[in-house]
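By my numbering, the letter at position 138 of the sequence shown is numbered 552, and the numbering carries on one by one without gaps. Structure, as structure tokens:
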Amino acid sequence: MITVLTGGTGGAKFVDGLRQIVPPEELTIIVNTGDDLLWWGLRVSPDLDSIAYMLAGKLSPERGWGVKGDTFFCLQTMGQMGQPTWFHAGDRDLATHIFRTKLLADGKTLSEATREIAASLGIKARILPMSDSWVETRVLTPAGDLSFEEYFVQRWYQDPVESVRFAGASDAEPAPGVTEAIRSADVVLLAPSNPVTSIAPILAVPGIREALHESRAHIAAVSPIVGGAAVTGPAGALMAAQGLAVSIAGVAYFYRDFLDLLVVDSQDADAAEDLRKSGVRVHCTPTIMRRNEDRIALAKSTLDAALQPPAAPAAVERT
Ligand code: GDP
415 MITVLTGGTG GAKFVDGLRQ IVPPEELTII VNTGDDLLWW GLRVSPDLDS IAYMLAGKLS
475 PERGWGVKGD TFFCLQTMGQ MGQPTWFHAG DRDLATHIFR TKLLADGKTL SEATREIAAS
535 LGIKARILPM SDSWVETRVL TPAGDLSFEE YFVQRWYQDP VESVRFAGAS DAEPAPGVTE
595 AIRSADVVLL APSNPVTSIA PILAVPGIRE ALHESRAHIA AVSPIVGGAA VTGPAGALMA
655 AQGLAVSIAG VAYFYRDFLD LLVVDSQDAD AAEDLRKSGV RVHCTPTIMR RNEDRIALAK
715 STLDAALQPP AAPAAVERT
């Protein structure tokens, strides 16, 4: 059994590789919901949607979010009606948001709504939101206390970041099945997602970090930082704002209390050697997922390395 912790864009590419090599009934994907927002009164869960669209083969490859080949007539019309249009919800994508909002209004939990949406898309792998409670990632900047989507989409992540918090997390509970999926897995994988705004909100839900500590699974993370910078997006700036080094060492430090293995890009071979000297297990392999073959190769290489027993310590000569 394989359990993945993930955000949206980087994570979805990694999950795409995994889904091609792991039977769906062996795959559980625990998804960040700290980016969730109410948009035109609709409940939008951007990371859950990216993962669901990816598993259904519907994710737009050009944009990395939303539905392939979608149109934007509703967005255009809402703009003509004087409504905000900075969050780009396509027409087909809107159907998901309307369906989720309806299910929640009918009294379903986010987990139940997610299950119904996944079933309607023909998805067999298990997708779990990190929590059924509202947890909101808030980014404090000189321009104000912003939601993640305001910071990321509306303002193009240009504001200097003072701090990040997860409003509501301390009162939240993991969604049903989340801690069990971590505890009973053979392997837990942290996707190459933004550590601060995709993985940290999941870890902030009480009980999830403890499940990682207590799990007997091999726990491996793929670094979203390559060559001292994020592959895409603001992960570097956000890590720096947390006082972390923007490097594979910074990623290893962030996950240090439960991580068994860090998977890093071949470009970081020298930094990997330094990290090994400090006692961290590191696996070097190409991690940039441009083509489908890259995604499959990274998924295979990560799983193989995670399942390998750690090298025995060098024998100490007797005197
Ligand atoms: P979000 O929720 O949409 O922000 O998506 P994620 O957090 O899942 O993904 C964003 C992260 O993925 C960024 O930190 C990127 O550096 C990382 N990322 C994106 N593409 C790749 C890739 O091809 N390889 C690796 N190693 N990281 C990637």
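Each residue gets a CB set at the ideal place from its N, CA and C atoms; glycine is no exception.
At least one heavy atom of the ligand GDP falls within 8 Å of the beta-carbon of SER637. Across the structure, VAL445 and TYR565 are spaced so that their CA atoms are roughly 20 Å apart.
Straight through space, the alpha carbons of GLU594 and ASP559 are spaced by roughly 34 Å. With fewer than 16 neighbouring CB atoms inside 10 Å of its own CB, HIS502 falls in the exposed class. Between the stretch 486-498 and the stretch 530-548, the count of C-beta pairs closer than 8 Å stays below three; the two stretches do not touch.
For the options MET495, ALA527, GLY496, ASP461, the alpha carbon positioned closest to that of TRP479 is the one of ASP461. Contact between ALA605 and VAL418 holds: their C-beta atoms lie close to 6 Å from each other, under 8 Å.
Residue pairing by DSSP puts LEU452 in a beta bridge opposite ARG457.
Ranked by how close their Cα comes to the Cα of ALA719, the residues THR423, ALA683, VAL636 have VAL636 in first place. In terms of Cβ geometry, ALA599 and ALA631 form a close pair [threshold 9 Å]. Scanning LEU689, VAL619, GLU628 for the CA closest to the CA of THR447 turns up VAL619.
For LEU554, the CB contacts under 6 Å within the same chain, skipping 5 residues up- and downstream, are GLU576, SER577 in chain order.
With a cut-off of 8 Å, the C-beta of ASP450 is classified as distant from the ligand GDP, since no heavy atom of the ligand falls inside that distance. Residue state for VAL436 is assigned as coil, using DSSP reduced to three classes. About 5 Å separates the beta carbons of THR420 and SER607, which is inside the 8 Å limit, making them a contact pair. Distance from the C-beta of ILE537 to the nearest heavy atom of the ligand GDP is not below 8 Å. Exposed is the label assigned to TRP500, since fewer than 16 other Cβ atoms lie within 10 Å of its Cβ. Under the three-state reduction of DSSP, ARG704 is assigned to coil, being neither helix nor strand. Under the three-state reduction of DSSP output, PRO543 falls in the strand class.
ILE702 is not a Cβ neighbour of VAL665, given a cutoff of 9 Å. Taking non-hydrogen atoms of the ligand GDP into account, the C-beta of ASP679 is found less than 8 Å away from one of them. Annotation for THR699 indicates a beta carbon at 8 Å or more from all heavy atoms of the ligand GDP. Note that the C-beta distance between ILE465 and GLU440 is not below 9 Å. Spanning the alpha carbons of GLY657 and LEU432 requires a straight line of approximately 32 Å.
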